Amino acid sequence: MASFALFNFEFEPIQNKLRQAELKGMESVLMSASEAFPRKQEIFGDILLKDFKKEKIEDIIHFKNGEGPKEYIHRHLMPPTDDIVIMRVANRKHLQIVDENLKPKQVDDYQNCIVMIDNRDGIQRILIENKKAAFRDVKQVAGILEYTFNKLLARYSLMVKLNHLKNPQTFWHVANDKRSYPKGFYRMLLKLPYPNLERLRKVYDRLFSQAQQSFNCRLDMNFTSPNGEVRLDENDPYQKEAIDWFLKDAGGDAVLYSNVAKKHPIPVGKDSYRVITVSSTTIQRVTEDAVNNDLFGSAAFDEVKEKLKTGIEP
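Residue numbering for the sequence shown follows the working numbering, beginning at 89 and increasing consecutively.
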């Protein structure tokens, strides 16, 4: 079984050329933000499809991290189908072996991980395989994807942000730690990604209309109780639902401020990931069904599609 970290990806419009330059976008802008944003998924899907077809050299995606010339080569495991892309992304390393003459020899080792992109309307998910033999962590892969896609999307006045979904128990572990934080927390900061995903915006509107009453404090950009502590209660049904949704569905960031060490914010869950597993057999069957031009009706492909929708209500 391979372990995959779940990410949401959201598009944002770029409103000025200075921001495009910061993203190292193309010099020639093809569309304004107002033209491109309604077509954002169509544009993104077209970039991925052209990369698979490779009909023109300029259509090939060159994955980089923005810190040097190194390219992370990739191979598609199937044609983009139903707005879903499955590929392997490799991290070339130099490996020393001993040849038949008992002499050391340097060879290239292309350890890789699987990346699944679901560009379906209302889904916008990415799964990244956690494979330490290839990359130090999934955050490294996410950075490569984000940098590369933003460089390609900038000419359409668009950018994309990957937000990893988190395990909410990491939040409650800190919130309930009376030994380390005996006086509780006077402030809780929740950083929510811009909710242009309709499925996130609907839940956001419903949950946070109750926020002031539940947490017993004012709601500005954060939850603050200057003369006391924010009431954090895992057994409060609203708080449990709100924190769970915020971290494991929306991929937001949570920061707590202790009453003991007020100047030392505690980022909660930044290194925790909501994960799912997909068997190597399923991936192999999807690859075989693609070769046989039999993806429609493929049980393995249907399983992958359901995995990509993990936690998303019908």
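All C-beta atoms in this analysis are idealised placements derived from N, C-alpha and C, irrespective of residue type, glycine included. Quick caveat, the model's predicted, so the values are computed rather than measured.
For residue i, the first and last residue of its enclosing beta strand (DSSP E)
i      : result
Phe237 : Run containing Phe237: none in the beta strand (DSSP E); it sits in the alpha helix (DSSP H), Val226 to Leu241.
His252 : Leu246 to His252
Tyr345 : Asp341 to Ser346
Val366 : Val363 to Val366
Proximity of residue i and residue j at Cβ, strictly below 8 Å
i      : j      : result
Ile135 : Leu240 : yes
Val229 : Phe97  : no
Ile149 : Asp139 : yes
Thr365 : Leu94  : no
Lys219 : Cys201 : yes
Ile216 : Val203 : yes
Gly133 : Asn179 : no
Leu246 : Ala124 : yes
Gln327 : Ser360 : no
Pro421 : Leu137 : Because the chain here runs from 89 to 402, residue 421 falls outside it and cannot be looked at.
Phe99  : Lys128 : yes
Met119 : Tyr244 : yes
Leu154 : Tyr235 : The sequence shown places Gly at residue 154, rather than the Leu named in the question. Cβ distance < 8 Å, so Gly154 and Tyr235 count as in contact.
Asn255 : Met276 : no
Ile44  : Arg287 : Only positions 89 to 402 of the chain appear in the structure, and residue 44 is not among them; the question remains open.
Pairwise C-alpha distance: residue j and residue i
i      : j      : result
His252 : Leu335 : 9 Å
Asp170 : Gly156 : 34 Å
Asp308 : Val379 : With a pLDDT of only 46 at Asp308, under the threshold of 50, the placement of this residue in the model should not be trusted, and no figure is reported.
Lys181 : Ile161 : 12 Å
Ala121 : Ile331 : 33 Å
Arg176 : Gln103 : 33 Å
Ser368 : Leu383 : 17 Å
Lys142 : Val173 : 15 Å
Asp197 : Gln184 : 10 Å
Ala387 : Asp377 : 10 Å
Val117 : Asp225 : 34 Å
Ile145 : Ile205 : 22 Å
Arg267 : Glu329 : 25 Å
Ala222 : Arg294 : 41 Å
Phe389 : Leu285 : 24 Å
Leu349 : Tyr269 : The amino acid occupying residue 349 in the given sequence is Ala; Leu does not appear at that position. Using only the alpha carbons, I get a separation of about 9 Å.
Gln257 : Asn264 : 10 Å
Cβ distance (whole Å) where residue i is taken to contact residue j below 8 Å
i      : j      : result
Phe273 : Ser346 : 6 Å
Leu344 : Val262 : 6 Å
Glu317 : Lys271 : 7 Å
Arg392 : Ser91  : For the record, residue 392 in the displayed sequence is Val; it is not Arg. Contact flag wrong, Cβ pair sits at about 15 Å.
Ile211 : Leu396 : 6 Å
Lys358 : Asp337 : Actually they are not in contact, since the Cβ atoms of Lys358 and Asp337 sit about 17 Å apart, beyond 8 Å.
Met166 : Thr375 : 7 Å
Val356 : Phe259 : 5 Å
First and last residue of the uninterrupted alpha helix (DSSP H) at residue i
i      : result
Leu277 : No alpha helix (DSSP H) contains Leu277, which is instead part of the beta strand (DSSP E) from Phe273 to Lys279.
Arg213 : Careful: Arg213 lies outside any alpha helix (DSSP H), inside the beta strand (DSSP E) at Arg213 to Glu217.
Pro355 : Where Pro355 is concerned, there is no enclosing alpha helix (DSSP H), although the beta strand (DSSP E) it sits in stretches over Ile354 to Val356.
Val392 : Ala387 to Leu396
Pro325 : Pro325 to Asp332
Glu286 : Glu286 to Leu295
Phe99  : Note, Phe99: premise wrong, no alpha helix (DSSP H); beta strand (DSSP E) at Ala90 to Pro101.
Val403 : Since the displayed the chain opens at 89 and closes at 402, residue 403 lies outside it and no answer follows.
Ala263 : Gln257 to Ala263
Distance cut-off 7 Å: residue i Cβ against heavy atoms of the ligand SAM
i      : result
Lys138 : No copy of the ligand SAM appears in this structure; indeed no ligand is present at all.
**Message:** My parser needs the alpha helix (DSSP H) runs of 4 or more residues fully inside the segment 113 to 191; what are they?
**Reply:** List check, alpha helix (DSSP H) in window: 121 to 124 and 128 to 141.
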